[in-house]
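What follows is a short report on a single structure.
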Amino acid sequence: MAAIEARDLIKSFRGTSVLKGVSLNIADGEFVSLVGPSGCGKTTLLRILAGLELQDAGEVSIAGRVVDDLEPKARDVAMVFQSYALYPHLTVAENIAVPLVMRRLTTAGRLPVLGGLMPHVRRARKGIAGEVATVARTLEIEHLLDRKPGQLSGGQRQRVAVARAMVREPKAFLMDEPLSNLDAKLRTQMRAEISQLHRRLGATFVYVTHDQAEAMTMSDRIAVMMGGELLQFGTPDEIYAEPVDIRVAEFIGSPRINVLEARSDGQGAASAGPIAFSLANAKPQGEVVRVAFRPEAAELAAPDTGLAGRVEHTENFGSDLFVHVRAEGAAAPVIVRSRPQGRRAQIGDHVGIKVAPDRLMAFGGDHKR
Ligand code: ATP
1001 MAAIEARDLI KSFRGTSVLK GVSLNIADGE FVSLVGPSGC GKTTLLRILA
1051 GLELQDAGEV SIAGRVVDDL EPKARDVAMV FQSYALYPHL TVAENIAVPL
1101 VMRRLTTAGR LPVLGGLMPH VRRARKGIAG EVATVARTLE IEHLLDRKPG
1151 QLSGGQRQRV AVARAMVREP KAFLMDEPLS NLDAKLRTQM RAEISQLHRR
1201 LGATFVYVTH DQAEAMTMSD RIAVMMGGEL LQFGTPDEIY AEPVDIRVAE
1251 FIGSPRINVL EARSDGQGAA SAGPIAFSLA NAKPQGEVVR VAFRPEAAEL
1301 AAPDTGLAGR VEHTENFGSD LFVHVRAEGA AAPVIVRSRP QGRRAQIGDH
1351 VGIKVAPDRL MAFGGDHKR
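For the sequence shown, the residue numbers in my numbering are 1001 to 1369.
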């Protein structure tokens, strides 16, 4: 069992509040991503879970046990960082063996001083070669075992870093943007590999990324953070289709969600130009409400239908075509996914936009639905 529980975590750095009371329950074996813009506190939260940083208040439990007094290595979790932190003068096999050698030296009652560790790593290699070979096979890096990190590609180094984390058979993997140094194609490939690894190991994964697409494709659940607060914690589908906060709606999804400003009539309805909608929770009259809809919730229509505007730009992804329309009263272009069988549009065309009423989401001045 390696459920991870954070309760009311508070953390400041030199008077600046970075975590403002974050609580999170991660189930055993779950893949959870922490996402949010730069500086929202996701790395700090991960480091607190790992024991690399101490919270000012709140509690962390791993596998049902409060670990606040435990050193990082006693928490039985493995960290994988963005910079792979491999030892450049050791081979891949020796790098993977480091945690095993450390463990043997600590259980033998000897203090592992890093400078004095290297001869042990070299000597111990034979004894632990079997364990190293097993993880190397899992990650398909057996042919690289005799190389030095300098002779590896970014993706290979990343795999070695994961192998080094795996060899300890930790209860949980904590990963901090492990793919951010890779090129786009390799990132996509490594995403799939990490997901497969998670399924195979059945271990708990906590994964920090600022890339919402990465979080959407890999996670069982996503924790969206902003300004030191947890805004929403849910499955990718929930976060995408039922955001509870406009900041979540705007952070998740590519292309972005469309947002229009409207004013509440105080009677449970509001209108943004020609689009009128009812509000799930009545807002006071005159309150500015923001109405949001995803590009696929709208379609192009005859110029006198719904929102009217002029096509400013088109984005062709091959599988999808997104049309950007400069519509009256909208601060930013409205993005519409064009359907293959639907109306065609060229830059400069005047078009209408029809939005499915049941796909409109309204958010109040407090950002909430
Ligand atoms: P990024 O995606 O840029 O890594 P993040 O969401 O992971 O961002 P954190 O690294 O948790 O954010 O940092 C949150 C805030 O805390 C930032 O404003 C950062 O400058 C600050 N911070 C983090 N670590 C320290 C530290 N050791 N001392 C002072 N301030 C820190």
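C-beta atoms are modelled at their ideal positions from N, C-alpha and C, and glycine is treated no differently. Model, not experiment: these values are computed from the prediction.
State the beta-bridge partners of residue i as determined by DSSP.
{"i": "V1167", "result": "Looking at the DSSP assignment, V1167 forms no beta bridge with any residue, so it has no partner."}
{"i": "N1258", "result": "F1293"}
{"i": "F1251", "result": "Answer by DSSP bridge pairing: none, since F1251 is not bridged."}
{"i": "N1025", "result": "E1005"}
{"i": "K1368", "result": "D1245"}
{"i": "H1313", "result": "H1324"}
{"i": "E1229", "result": "M1226"}
{"i": "T1204", "result": "A1172"}
{"i": "T1209", "result": "V1035"}
{"i": "E1059", "result": "R1007"}
{"i": "I1335", "result": "H1324"}
{"i": "H1350", "result": "R1310"}
{"i": "M1079", "result": "L1174"}
{"i": "A1272", "result": "I1275"}
{"i": "R1065", "result": "I1062"}
{"i": "V1355", "result": "A1298"}
Using a Cβ-Cβ cut-off of 6 Å (strictly less than) and excluding sequence neighbours within five positions of residue i, which residues of its own chain qualify?
{"i": "S1345", "result": "Residue 1345 is actually Ala in this sequence, not Ser. Closer than 6 Å at Cβ, skipping near neighbours: L1300, V1311, V1323, V1351."}
{"i": "A1330", "result": "L1260"}
{"i": "F1277", "result": "L1360"}
{"i": "L1186", "result": "G1155"}
{"i": "A1298", "result": "V1336, I1353, V1355"}
{"i": "G1309", "result": "V1325, R1326, A1327"}
{"i": "N1181", "result": "G1154"}
{"i": "K1020", "result": "G1228, E1229"}
{"i": "E1315", "result": "F1322"}
For residue i, which residues of its own chain have a beta-carbon under 8 Å away from its beta-carbon, when the five flanking residues on both sides are left out?
{"i": "G1234", "result": "R1221, I1222, E1242"}
{"i": "Q1156", "result": "I1141, L1144"}
{"i": "R1103", "result": "R1168"}
{"i": "T1305", "result": "G1352, I1353, K1354"}
{"i": "D1008", "result": "G1021, V1022, S1023, A1057, G1058, E1059"}
{"i": "L1152", "result": "V1092, L1144, V1160"}
Within this structure, are the beta carbons of residue i and residue j separated by less than 7 Å?
{"i": "A1063", "j": "P1170", "result": "no"}
{"i": "H1367", "j": "I1239", "result": "no"}
{"i": "G1039", "j": "M1225", "result": "no"}
{"i": "F1031", "j": "H1198", "result": "yes"}
{"i": "V1334", "j": "I1353", "result": "yes"}
{"i": "A1327", "j": "V1289", "result": "no"}
{"i": "M1218", "j": "R1200", "result": "no"}
{"i": "G1058", "j": "I1010", "result": "yes"}
{"i": "V1022", "j": "L1230", "result": "yes"}
{"i": "V1208", "j": "D1176", "result": "yes"}
{"i": "P1072", "j": "G1150", "result": "no"}
{"i": "Y1084", "j": "A1161", "result": "yes"}
{"i": "L1174", "j": "A1050", "result": "yes"}
{"i": "N1095", "j": "L1086", "result": "yes"}
{"i": "P1178", "j": "Q1196", "result": "no"}
{"i": "A1279", "j": "A1270", "result": "The amino acid occupying residue 1279 in the given sequence is Leu; Ala does not appear at that position. Cβ distance < 7 Å, so L1279 and A1270 count as in contact."}
{"i": "I1128", "j": "A1093", "result": "no"}
Name the residue from the options whose alpha carbon lies nearest to the alpha carbon of residue i.
{"i": "P1236", "options": "M1226, V1248, E1229, R1326", "result": "V1248"}
{"i": "A1356", "options": "Q1341, F1363, V1291, D1366", "result": "V1291"}
{"i": "A1215", "options": "L1201, T1138, G1253, R1199", "result": "G1253"}
{"i": "V1336", "options": "H1313, D1358, E1328, G1348", "result": "H1313"}
{"i": "V1067", "options": "A1002, Q1156, V1206", "result": "A1002"}
{"i": "P1284", "options": "S1017, S1271, D1265, Y1240", "result": "D1265"}
{"i": "P1340", "options": "I1347, A1362, G1364, E1296", "result": "E1296"}
{"i": "L1046", "options": "A1006, V1092, A1085, A1027", "result": "A1006"}
{"i": "N1258", "options": "D1176, Q1232, F1293, G1273", "result": "F1293"}
{"i": "P1052", "options": "A1192, R1075, S1033", "result": "The residue asked about is misnamed: residue 1052 is Leu in this sequence, not Pro. The shortest C-alpha separation from L1052 is found at R1075."}
{"i": "Q1267", "options": "I1275, N1281, P1255", "result": "N1281"}
{"i": "G1342", "options": "A1302, S1023, V1325", "result": "A1302"}
{"i": "G1227", "options": "G1029, M1175, T1044, N1025", "result": "T1044"}
{"i": "G1029", "options": "A1172, L1070, A1050, E1071", "result": "A1172"}
{"i": "A1362", "options": "K1073, E1287, Y1207", "result": "E1287"}
{"i": "I1275", "options": "L1307, P1255, V1244", "result": "L1307"}
{"i": "E1131", "options": "S1153, A1272, V1101", "result": "V1101"}
{"i": "G1015", "options": "L1024, P1037, D1056", "result": "D1056"}
{"i": "A1213", "options": "F1205, F1251, L1321", "result": "F1251"}
{"i": "L1321", "options": "H1210, E1193, P1255", "result": "P1255"}
{"i": "S1061", "options": "G1318, L1024, H1210", "result": "L1024"}
{"i": "S1012", "options": "I1048, H1210, Q1189", "result": "I1048"}
Apart from the five residues just before and just after residue i, which ones in its own chain have a Cβ nearer than 7 Å to its Cβ?
{"i": "P1099", "result": "R1164, V1167, R1168"}
{"i": "T1091", "result": "L1145, D1146, R1147, K1148"}
{"i": "G1365", "result": "E1287, V1288"}
{"i": "Q1232", "result": "V1224, I1239, P1243, V1244, D1245, V1248"}
{"i": "L1070", "result": "G1051"}
{"i": "S1017", "result": "G1228"}
query: Whose beta carbon lies closer than 5 Å to any heavy atom of the ligand ATP, going through the chain in order?
result: My final list is F1013, V1018, S1038, G1039, C1040, G1041, K1042, T1043, T1044, H1210.
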